[in-house]
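If you use the working numbering, the sequence shown closes out at 114, no skipped numbers anywhere.
Even for Gly, the Cβ is constructed at its ideal location relative to N, Cα and C.
Only a predicted model underlies this, so the values are computations on that prediction, with no experimental measurement involved.
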Amino acid sequence: YEDNQSGIDNLKNELAKKVSKEEYCQIMAQIAEKTMAKYNVKADELDPEIKKDFEKLKSGEIKEPEQVNEIEKKVAKNAGEKGSSKKLNQILQEAQKVLKLGDKNKIKE
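This is the structure we're talking about:
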C-alpha cells in the first residue's frame, strides 16, 4: 500500500507542476467528489473539520498543492470510513429484519 501511495503522490506532484494551482485544485476536488460518490457519502456526512476543508478546496480558497493533497487524502479516508459504516449498518439492519421474520431463505442469498 505504501509503495502505491508513494507512486500516487509522485504522480500528483508531477501533475501539480504541469497545470496551474487553480486547475490542480479543481482536479483534486473532482477526485474527492468521485471518491465520496464511490462510497455513497455526501459532503454533509463528512466530519465537520474535513467538510470545512473540502468546501475550501472546492471554492479554490486552498491552492497550495501540499495542502490540496492533504485535504484530498483526508476526504478519501473519511468518506471510506463513513461509507463503510453506512454499509455495515445497512447489512446489520437487514440481518435483524431477516432474523425477526425467520426468513432463513434470505440468509442463504
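Within 10 angstroms of the Cβ of residue i, are there 16 or more other Cβ atoms? Answer buried if so, exposed if not.
i	result
residue 42	exposed
Report yes if the CB atom of residue i is closer than 8 Å to the CB atom of residue j, and no otherwise.
i	j	result
residue 105	residue 44	no
residue 22	residue 68	no
residue 79	residue 55	yes
If you drop the 5 nearest sequence neighbours on each side, which residues of the same chain put their C-beta closer than 7 Å to that of residue i?
i	result
residue 77	33, 36 and 37
Tell me the rounded alpha-carbon separation between residue i and residue j.
i	j	result
residue 62	residue 10	21 Å
residue 91	residue 71	30 Å
residue 84	residue 31	18 Å
residue 93	residue 15	34 Å
residue 95	residue 107	18 Å
residue 74	residue 8	17 Å
residue 13	residue 28	18 Å
Grab me the residues of residue i's own chain with a C-beta within less than 8 Å of its C-beta, minus the 5 sequence neighbours each way, in chain order.
i	result
residue 53	none
Under 8 Å, with one C-beta from each stretch per pair, do the segment 46 to 56 and the segment 10 to 21 reach the 3-pair mark? No: fewer than three Cβ pairs fall under 8 Å.
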